[in-house]
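**Q** In my numbering, the protein residues as written are 58 to 350.
Backbone N, C-alpha and C define an ideal beta-carbon position, used for all residues, glycine too.
(1) So, helix, strand or coil for residue 232, using DSSP?
(2) Under a Cβ-count criterion, where at least 16 other Cβ atoms within 10 Å of its own Cβ denotes burial, should residue 280 be classed as buried or exposed?
(3) Under the assumption that residue 267 contacts residue 285 (Cβ atoms under 8 angstroms), give the Cβ distance between them as a whole number of angstroms.
(4) Across which residues does DSSP place residue 282 in a beta bridge pair?
(5) CA-CA distance, residue 312 and residue 180?
(6) Leaving out five residues on either side along the sequence, give the residues of the same chain with a beta carbon under 6 angstroms from the beta carbon of residue 152.
(7) Measure how close the beta-carbons of residue 168 and residue 220 come, nearest whole angstrom, since I'm counting them as under 8 angstroms.
(8) Given that a residue counts as buried once 16 or more other Cβ atoms are within 10 Å of its Cβ, and exposed if not, what is residue 322?
(9) Report all residues from its chain with a CB closer than 7 angstroms to the CB of residue 341; omit the five preceding and five following residues, and keep chain order.
(10) Is residue 202 buried or exposed, if buried means 16 or more other CB atoms sit within 10 Å of its CB?
(11) Quick check on DSSP: helix, strand or coil for residue 191?
(12) If you draw a straight line from the C-alpha of residue 344 to the C-alpha of residue 200, how long is it?
(13) So, at 7 angstroms on beta carbons, what are the nonlocal neighbours of residue 189 in its own chain, with the 5 sequence-adjacent residues on each side left out?
(14) Decide if residue 157 is buried, meaning its Cβ has at least 16 other Cβ atoms within 10 Å, or exposed.
(15) How about residue 304 and residue 275: are their beta carbons less than 7 angstroms apart?
(16) Quick one: using the 10 Å Cβ neighbour count with 16 as the cut-off for buried, is residue 207 buried or exposed?
(17) Terminal residues of the continuous beta strand (DSSP E) containing residue 225?
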């Protein structure tokens, strides 16, 4: 057997960036499916068949993938508790709001178990509006020249059309009002996903999207991510209905490092916009917001 050559993956991994690591892992998920059959929703222009010629080659690819997985864990897990924001800044598609006293005060109200429901909703709506506004920065725009009331000309920008929102029922619906306040005529779809309490496996019970979903940018609304399984199922469903992964923008309030890792491993073209990454998230959010706690 000729010497094993991995010229293409080696060039991909010439830098230790998260993006390159995830690209190579995606190739393995797509073309071999020896890890997880559910990961086959992603697409890539590259193909592992170009450099795998026999079973021994495949075994070596598996070994290399395990090494890459270790590098991935280093990126995500070997951090001190106060460094989660710095950690995710190494992931190209994750955006975390710049922390300040105002943001932290809103997060504190939401996390505090003793916060009355009316104050909880008031502060949650404020934080949601902030992260929605930030999420809009990822939508496409075009330049526009206008005339002011004083007959002066001003060169500005305007958002392109063909954007939509999709809320993951139920907690994601808490973010719909802020999106409509910012984009009054935007269309909003729904997806209902149920997770098993023991296995945490997610299944889709209902989904309704705009008919021209493949042409639209999608703001996926989901405030709390613990494991990331619900969002992963939602994104896979969107892709099955024609949405492009690169057109999906996840807008989130609180996420665990585990959820960020799970989502970005599978969908490294999707943007994740959140306010905080922390190992403990307020799972009571939906119950308290809708008054069912």
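**A** If we stick to the structure as given:
(1) DSSP places residue 232 in the helix class (H, G or I) of the three-state scheme.
(2) A buried status is given to residue 280, since no fewer than 16 other beta-carbon atoms sit within 10 Å of its beta-carbon.
(3) Not quite, the Cβ-Cβ distance comes to about 25 angstroms (not below 8 angstroms), so this is no contact.
(4) DSSP, once it has assigned bridges, lists 312 as partnering residue 282.
(5) Between residue 312 and residue 180, the C-alpha separation is close to 18 angstroms.
(6) Within the same chain, residue 152 has close Cβ partners 330.
(7) Actually they are not in contact, since the Cβ atoms of residue 168 and residue 220 sit about 31 angstroms apart, beyond 8 angstroms.
(8) That one is buried.
(9) If we look at residue 341 and ignore the five residues flanking it on each side, its Cβ neighbours are 350.
(10) With fewer than 16 Cβ atoms within 10 Å of its Cβ, residue 202 is classed as exposed.
(11) If DSSP states are grouped into helix, strand and coil, residue 191 belongs with the helices.
(12) Spanning the alpha carbons of residue 344 and residue 200 requires a straight line of approximately 43 angstroms.
(13) 232, 235, 236, 239, 308, listed in sequence order.
(14) Here residue 157 is exposed, its C-beta having fewer than 16 other C-beta atoms within 10 Å.
(15) Cβ distance < 7 angstroms, so residue 304 and residue 275 count as in contact.
(16) Counting of Cβ neighbours within 10 angstroms places residue 207 among the exposed residues, the total staying below 16.
(17) First-last of the beta strand (DSSP E) with residue 225: 220 to 226.
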